[in-house]
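Trainee:
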Amino acid sequence: MSYSLYSRIPLSLAALATAGALMSVSLSAEAEDWRGWNVHPDGYPNSLALKSFADEVSEKTDGRINPRVYNNAVLGDQPDAIDQARSGALDFGNFNMGPMGPIVPETDVLSLPFLFKDVDQMYRVMDGDIGKRFADALAEKNLIALSWFGSGSRSFYNTDHPIEEPDDVKGLKLRVMNNDLYVQMVDALGGNATPMPYGEVFQSLKTGVIDGAENNFPSFESSNHYEVAKYFSETDHLIIPECLCIAESSWDELSDEDKSIVRTAAENAAQEQRKLWAERVEKSQEVVEQAGVKINQVKDKAAFQAKMKPIYQSFIEAHPDMEALIDDIRQTE
Ligand code: GTR
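Under the working numbering, the residues of the sequence shown are numbered 16 to 348, in order.
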């Protein structure tokens with residue numbers, strides 16, 4: 016994805032220049048065109064923040080690096096895009112830690128239901144030493160996590176009835192992201208989990224292939240799932256951070272100066288995303304309510320937590336080394 020301006024210089028001009036001058040042109044004018052993956056549409060908080068990231072990087076590097084963001088998952092669905100970024104076929108992306116789990120097992124901790132108290136606690140955890148630990152785990156799989164975005168809390172929605180207690184999930188066919196922990200989570204409530212790429216959910220809801228799914232308000236709204244699924248039940252069972260990640264191969268090519276520019280731009284983008292996110296949650300809620308979606312608060316969340324407890328037990332049995340990490344997260348103020 017790099018090209019040299021050298022190859023664009025007309026031959027006549029090249030002939031005029033001395034070999035030494037040409038060498039310096041080709042070295043200093045080397046530019047990197049970066050391709051970035053984004054699942055969301057234009058105007059979504061993440062899309063706006065990624066655009067700011069791209070603009071800041073290209074401005075501050077005087078065009079040495081020109082990131083371009085491809086929205087709406089046009090470069091592939093999320094698990095595929097993660098693979099592409101790992102191999103360097105993509106330069107960067109905004110990835111959710113849910114579909115990251117199958118690749119970076121440590122990040123599975125972040126997909127345990129009811130792990131965080133609230134979104135602010137998640138930010139504090141990810142901005143501190145624990146976040147660095149996750150970044151180290153990602154780096155081992157060739158992804159450089161420069162900052163953490165939020166994606167609010169996820170709740171169930173479906174086409175049939177409000178979910179007030181765990182039994183209301185029984186028999187519902189619910190789409191989940193690509194991670195076995197979510198299959199266990201829906202199974203624990205007596206539903207049928209169907210892992211499926213995000214882009215297929217709308218059609219599957221419409222045709223009745225699935226009865227519902229789970230997500231946050233902004234995604235429920237921007238994906239138009241609310242046009243079909245008229246019951247949104249606030250279980251808030253998952254709070255999952257997302258990274259702004261750079262492909263290791265693209266990162267390694269940068270000078271120290273450019274690394275610092277890219278890191279700062281990613282941190283600024285995360286601040287912007289978090290601010291826009293908080294605003295969008297409210298707006299999205301209004302949009303879906305006006306469209307006739309019935310939102311219900313789930314009063315007894317402890318009942319859902321109790322059903323999901325075995326997931327923790329089997330997770331810790333499979334990964335005893337991660338028990339302390341779970342405790343550290345829980346104890347973060
Ligand atoms: C969104 C999240 C995306 C993607 C999507 C999904 O909330 O921001 O990265 O994970 O959910 O459900 O697939």
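A virtual CB, placed ideally from N, CA and C, is assigned to each residue, including glycine.
Nearest-angstrom Cα distance between V184 and S62?
Mentor: Using only the alpha carbons, I get a separation of about 33 angstroms.
Trainee: Determine the DSSP secondary structure at L63, reduced to helix, strand or coil.
Mentor: Three-state result, L63: helix.
Trainee: Out of D273, F131, K309, I225, which has the shortest C-alpha to C-alpha gap to T347?
Mentor: If we check each option's Cα against that of T347, F131 comes out closest.
Trainee: Measuring CB to CB, does L196 end up less than 7 angstroms from N173?
Mentor: In this structure, N173 does not lie closer than 7 angstroms to L196 by Cβ.
Trainee: With DSSP collapsed to three states, give me the class of E263.
Mentor: In this structure, E263 counts as helix in the three-state DSSP scheme.
Trainee: Contact defined as beta carbons within less than 8 angstroms: I believe F232 pairs with V313. What is the distance between those atoms, to the nearest angstrom?
Mentor: Rounded, the Cβ-Cβ distance is 15 angstroms, inconsistent with contact.
Trainee: Go ahead and pull the three-state DSSP assignment for P349.
Mentor: The structure shown does not extend to residue 349, since the chain is modelled only from 16 through 348, so no value can be given for it.
Trainee: For the putative contact between P82 and V72, defined by C-beta atoms under 8 angstroms, what is the C-beta separation to the nearest angstrom?
Mentor: The Cβ separation is near 5 angstroms, so the contact holds.
Trainee: Under the three-state reduction of DSSP, which class applies to D92: helix, strand or coil?
Mentor: Looking at D92 - three-state DSSP - the assignment turns out to be coil, as it is neither helix nor strand.
Trainee: What are the start and end residues of the alpha helix (DSSP H) that includes P284?
Mentor: Per the sequence shown, the amino acid found at residue 284 is Ala instead of Pro. Where A284 is concerned, the enclosing alpha helix (DSSP H) stretches over 271-305.
Trainee: Would you check whether ligand 1 has a heavy atom nearer than 6 angstroms to the C-beta of M115?
Mentor: No, the beta carbon of M115 sits no closer than 6 angstroms to any heavy atom of ligand 1.
Trainee: When every heavy atom of ligand 1 is checked, does at least one fall within less than 6 angstroms of the C-beta of S234?
Mentor: Yes, Cβ of S234 sits closer than 6 angstroms to a heavy atom of ligand 1.
Trainee: May I ask you to check if the CB of N231 is nearer than 6 angstroms to at least one heavy atom of ligand 1?
Mentor: Within the cutoff, so yes.
Trainee: Could you give the first and the last residue of the continuous beta strand (DSSP E) run that contains K309?
Mentor: That run of the beta strand (DSSP E) goes 309-312.
Trainee: Report the residue from R190, D336, F330, M323 whose alpha carbon sits nearest the alpha carbon of P128.
Mentor: Cα-wise, what sits closest to P128 is M323.
Trainee: Between D70, D123, G108, which has its C-alpha nearest N86's C-alpha?
Mentor: The candidate whose alpha carbon is nearest that of N86 is G108.
Trainee: Return the first residue and the last residue of the alpha helix (DSSP H) that K188 is part of.
Mentor: Looking at the DSSP string, K188 is not in any alpha helix (DSSP H); the run it does join, the beta strand (DSSP E), is 188-191.
Trainee: In whole angstroms, give me the CA-to-CA distance for V40 and A46.
Mentor: Unreliable placement is indicated for V40, whose pLDDT of 42 sits below 50; no coordinate value is reported for it.
Trainee: Please report the Cβ distance between F247 and V201, rounded to the nearest whole angstrom; I am assuming they are in contact, meaning their Cβ atoms lie under 8 angstroms.
Mentor: With 8 angstroms as the limit, F247 and V201 do not qualify as a contact, their Cβ atoms being about 16 angstroms apart.
Trainee: Does the beta carbon of S166 fall short of 6 angstroms from some heavy atom of ligand 1?
Mentor: Yes.
Trainee: Check the DSSP bridge columns for V84 and list the partner residues they point to.
Mentor: Bridge partners of V84: G51.
Trainee: Which one or two residues does DSSP pair with Y246 in a beta bridge?
Mentor: Y246 is bridged to N173, K309.
Trainee: Does at least one heavy atom of ligand 1 sit under 6 angstroms from the Cβ of Y59?
Mentor: For ligand 1, not one heavy atom lies less than 6 angstroms from the Cβ of Y59.
Trainee: Based on DSSP bridge pairs, tell me the residues matched to F110.
Mentor: Bridge partners of F110: C258.
Trainee: With DSSP as the reference, label G146 as helix, strand or coil.
Mentor: G146 falls in the helix class under three-state DSSP.
Trainee: Strictly under 7 angstroms for the Cβ-Cβ distance: is F171 near chain D by that measure?
Mentor: The structure shown contains no chain D; it holds only a single protein chain.
Trainee: For ligand 1, is there a heavy atom less than 6 angstroms away from the beta-carbon of Y213?
Mentor: The answer is yes for Y213.
Trainee: What number of angstroms, rounded off, separates the C-alpha of S43 from the C-alpha of M192?
Mentor: Interpretation of S43 is limited by its pLDDT of 46, a score under 50 that renders its predicted location unreliable; no figure is taken from the coordinates.
Trainee: Starting from I326, trace the alpha helix (DSSP H) both ways and give me its first and last residue.
Mentor: Looking at the DSSP string, the run of the alpha helix (DSSP H) that includes I326 is 316-333.
Trainee: Report the three-state DSSP secondary structure of S126 (helix, strand or coil).
Mentor: Of the three classes helix, strand and coil, the one that applies to S126 here is helix, per DSSP.
Trainee: Once you ignore the five residues that flank W266 on each side, which residues in its own chain have a CB closer than 6 angstroms to its CB?
Mentor: Only I159 meet the Cβ criterion.
Trainee: Given this structure, state the Cα-to-Cα distance separating M353 from E304, to the nearest angstrom.
Mentor: Because the chain in this structure spans residues 16 to 348, residue 353 falls outside the shown range and cannot be described.
Trainee: Mark R101 as exposed unless 16 or more other C-beta atoms lie within 10 angstroms of its C-beta, in which case mark it buried.
Mentor: Counting Cβ neighbours within 10 Å, R101 comes out buried, since at least 16 surround it.
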